[in-house]
Amino acid sequence: MTVNTTINSKTPPNPRNQIELERNNAQFDITKMNYFLEGSKERSEEVERFIQQMERDPILAASPKQYDFTKAEHREWTAKKIARLSKYIELETFDEFERRISLISVFDPQLHTRIGVHLGLFIGCLRGNGSFDQMGYWALKKETAFVKNIYGCFAMTELAHGSNVAGLETTATFDQEEDQFVINTPHIGATKWWIGGAAHSATHAAVYARLIVKGKDYGVKTFVVPLRDSKHDLLPGISIGDIGAKMGRDGIDNGWIQFSSVRIPRYFMLQKYTKVTADGDVKLPPNDQLSYSALLSGRVVMVKDAFRWSSRVITIATRYAVGRRQFKAATAKPDDLESKLIDYPLHQRRLIPILALTYAFSNGANVLAETSSKTLEELDDAVADENQAGIDAGIESMKSLFIASGSLKSTCTWLTLKNIDECRQSCGGHGYSSYAGFGKAFNDFAVQCTWEGDNNILGMSVGKQLVKNISSVLKDGVQTSGILEFLNNSKSIIGDKVILTPNDLKNPRKVLEAVEVAIVRASNQALITLDARNQDWDYIGADLVQLSKLLAHFFLLKSFLDKVDAIPERELVPVLDKLAQLYSASIILEGFSGIFLTYKVVSTETISYLSAEHIPTLCTDLRPHVIPLTDAFQLSDMMINSSLGSYDGNIYENYYKIVKDNNPPYIDKAPYSKDFEALLNRPSLEERQRDEISDEAQEILSSDK
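Residue 575 in our numbering is what sits at position 570 of the sequence shown, and the numbering runs on without skipping anything.
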């Protein structure tokens, strides 16, 4: 019998042809679908223009070679890119530039963060906490908003305190005689830590410190503190260092800062809400949360990041799954080719729900951004007009916004980190290559789960507000508004009436109702537990986090459905409806089945049918659309920056070329070849022991002669 050991010489399947075939069978206009994702035709065209400009810019464009950069190279290139970006900000409105750098977060997150700390957090702190005169001086007159003269950092976090902002220990003591504040780091735990831009870049810091006036502690307020002079040398009393290697985002110069009796003028304190007079009189804000409004913009940005990053990784994984063939399906015929990964039901269950979730992210992010912008603008106007009724209304809107942004930031960043790794694993061993893009994406994105509000702490905080609002509605008849308006119906939906049956699964609005009921019933149970546990909120911490996650999904699903109902391009609705069904079924109902079953919101029969029939059917229905749906994100190859995810689908040729271009085959020996030569050519054990343990040595040494 002859065994054929040669490779089949027939032309192998071309993955490029496969993706073209799928693309040619698109059943909807991907450009119009992008209008849906971006929020409007105008915004879509703006995004396309921004991407084209940046991918043609020799400084800003990303490339595979960056996956091999050292930390020093990342920092040097990031600095060059900031200098390049400063040319764009001179030509655009701040809102336009903000949208530009939102796109940068996808392909160069360290650049996005390093300039975002200055423009988003430092200037955001000036806007949120400074008077109009202070904002005008620091941001405009000093040209800080144009990245000139001043480069700011955001000095909130300390070595011993992060999420507990109220517990920060840096002090700002008022010296009435000199009309100055003395900024001091009282001990090592109060050292400002993780401060982006501090190590090398920042000239000034927005410092969160305890306001001490006439011996009284008024809590944490904000101060502008110069760090470096015009020659970029550290000022007296300022000690700064680099915190060193991190998990990701090596282009950011995170540092630590210590203040040793650093004096600043009284008017360097930001006094939009808290005011200190020359006589030492203190006026406090109506709500302490107003002092943390700078964090709000960061959380809004991170929800948009969840959409952008998830769209990138699901595009890579989907294109690979269409081009990659492996094994044969159980139903395949002997002469059939190996099956595409995307045609395996398990692979569909892994990827297509992520695609549906990403579509939900898009509109949730858009709605949150619009709500945030409107709320902050209305509050600023009310403060400028000294309109107390407007200020009070703005504060209430801010409370709702903090709840919405907290639940969405924590939930969406957790889900995105999970999406990145699931997409990596779906690409098998090749997903582990840095050039695939997943490894750096995971390392760079992971920080979003802990900075600007640790996700678990945020989740507990949001859940606590939910439970308190339920209590007010049930016990006091108080009416809620904003994201929590649905709680006003709490009394009518507490109980054990089943809300969702198998027949309702094709109606995402019915699922939305089920989410409302689950939140109310779980919150009511939390109240009962609190009463039994002597108001021990920590005891129900895990339940509070789950409530926060459910609230985020309520927001995302409602935003998605509202947008689908409103779009003029009705030809998109069938596929969008399938995506909404899959998101609500897989991510929400299946993901939180324990809660839905515990509180009898959904029947056991419904959950069983959901997993066994409904979700697999939806994945099958959406399978023909996966390439057009990912193409609709309209991410260029520069933004994708992956060996496996290029638009042409030519995965093997592209991967091989990137590897060869960035790692030319050695003509000479490796630099460390001598170490391997010494290893392989080392003398025998006997030689290395000088034959001292040989039979001859034993005979001589053991002799009694």
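All C-beta atoms, glycine included, are put in the ideal place defined by N, C-alpha and C.
key: Touch test, the region 173 to 182 against the region 131 to 148, Cβ-Cβ under 8 angstroms, three pairs minimum   = no
key: DSSP beta-bridge partners of Asn189   = Partner residues in the beta bridge of Asn189, as assigned by DSSP, are Thr176.
inquiry  = Quick check: the Cα distance between Ala519 and Ala590, rounded to an integer number of angstroms?
reply    = Cα to Cα, the separation comes out at about 11 angstroms.
ask   = Given that a residue counts as buried once 16 or more other Cβ atoms are within 10 Å of its Cβ, and exposed if not, what is Ile620?
value = buried
ask   = Looking only at its own chain, which residues have a Cβ that is under 7 angstroms from the Cβ of Thr10, when we skip the five neighbours before and after it?
value = With a pLDDT of 46 at Thr10, under the threshold of 50, the modelled position of this residue cannot be trusted; read the value that follows with caution. Cβ within range, chain order: n/a, list empty.
ask   = Between Gly201 and Pro114, what straight-line distance do the alpha-carbon atoms span, to the nearest angstrom?
value = 13 angstroms
request  = Could you check if Ser14 is buried or exposed, using at least 16 other CB atoms within 10 Å of its CB as the buried criterion?
outcome  = At Ser14 the pLDDT is 48, less than 50, meaning the model places this residue with poor confidence; the figure from the coordinates comes in the next sentence. Exposed, by the Cβ-count rule.
ask   = Among Ile87, Glu47, Glu53, which one has its Cα closest to the Cα of Leu65?
value = The residue with the shortest Cα to Cα distance from Leu65 is Ile87.
message = If you follow the beta strand (DSSP E) that Pro231 is in, where does it begin and where does it stop?
response = 221 to 231
query = Which runs of the alpha helix (DSSP H), 4 residues or longer, sit entirely within the region 322 to 397?
reply = 350 to 389
task = Run through the region 559 to 595 for me and flag every whole alpha helix (DSSP H) of 4 or more residues, listed as ranges in chain order.
result = 578 to 587
query = Can you give the beta carbon distance from Lys221 to Ala160, rounded, assuming they're within the 8 angstroms contact cut?
reply = With a Cβ gap of about 23 angstroms, Lys221 and Ala160 do not count as contacting.
inquiry  = Please classify Phe273 as buried or exposed, where buried requires at least 16 neighbouring CB atoms within 10 angstroms.
reply    = buried
inquiry  = With distance defined between alpha-carbon atoms, name the residue in Ile593, Leu566, Leu406 nearest to Leu505.
reply    = Ile593
message = What residue range does the alpha helix (DSSP H) around Val52 cover?
response = Counting along the chain, the alpha helix (DSSP H) containing Val52 begins and ends at 46 to 60.
Where Tyr213 sits in the DSSP three-state scheme = Looking at Tyr213 - three-state DSSP - the assignment turns out to be strand.
message = Going by DSSP in three states, Met465 sits in which element: helix, strand or coil?
response = helix
request  = Following the continuous beta strand (DSSP E) through Ala160, name the residue where it begins and the one where it ends.
outcome  = Unbroken beta strand (DSSP E) run through Ala160: 157 to 160.
key: Contact check, Tyr325 vs Leu640, beta carbons under 8 angstroms   = The answer is no: Cβ separation not under 8 angstroms.
inquiry  = For the pair the region 357 to 371 and the region 557 to 564, tell me if three or more CB-CB distances fall below 8 angstroms.
reply    = They touch, by the three-pair rule.
Per-residue burial, Tyr660 [other beta carbons within 10 Å of its own, 16 or more giving buried] = buried
request  = Go ahead and pull the three-state DSSP assignment for Ser439.
outcome  = helix
request  = Tell me whether Asp247 sits in a helix, a strand or coil according to DSSP, three-state version.
outcome  = strand
Residue from Ala210, Glu101, Gln331, Ala537 with nearest C-alpha to Glu47 = Checking every option, the nearest Cα to that of Glu47 belongs to Glu101.
request  = Name the one or two DSSP bridge partners that Leu239 has.
outcome  = Arg233
query = Excluding the five sequence neighbours on either side, which residues of its own chain have a C-beta within less than 7 angstroms of the C-beta of Ile12, listed in chain order?
reply = Only weak support exists for where Ile12 lies, its pLDDT of 48 falling under 50; the coordinates are left without a value.
message = Please state the DSSP three-state secondary structure of Phe74.
response = coil
query = If you run the structure through DSSP and keep just helix, strand and coil, what is Arg254?
reply = The answer is coil: DSSP assigns Arg254 none of H, G, I, E or B.
query = Between Gly369, Ala77, Tyr349, Tyr213, which lies nearest to Leu413 when the distance is taken from Cα to Cα?
reply = Comparing Cα positions, the closest option is Gly369.
inquiry  = Report the CB separation of Ile155 from Thr162 in whole angstroms; it is logged as a contact under 8 angstroms.
reply    = That belief does not hold up - the Cβ atoms of Ile155 and Thr162 are roughly 21 angstroms apart, past 8 angstroms.
Three-state secondary structure assigned by DSSP to Gln703 = Of the three classes helix, strand and coil, the one that applies to Gln703 here is helix, per DSSP.
Continuous alpha helix (DSSP H) stretch holding Phe681: start and end = 678 to 685
query = For Val218, which residues from the same chain have a beta carbon less than 7 angstroms from its beta carbon, with the 5 sequence-adjacent residues on both sides left out?
reply = In the same chain as Val218, and ignoring 5 residues on each side of it, the C-beta atoms closer than 7 angstroms to its own belong to Phe179, Val281, Gly285, Val287, in chain order.
inquiry  = Please report the distance separating the alpha-carbon of Asp247 from that of Asn39.
reply    = 42 angstroms
Residues bridged to Ile612 [DSSP beta-bridge criterion] = Beta-bridge pairing links Ile612 to no other residue.
key: Coil, strand or helix - Lys147 by DSSP   = Reduced to three states, the DSSP call for Lys147 is coil.
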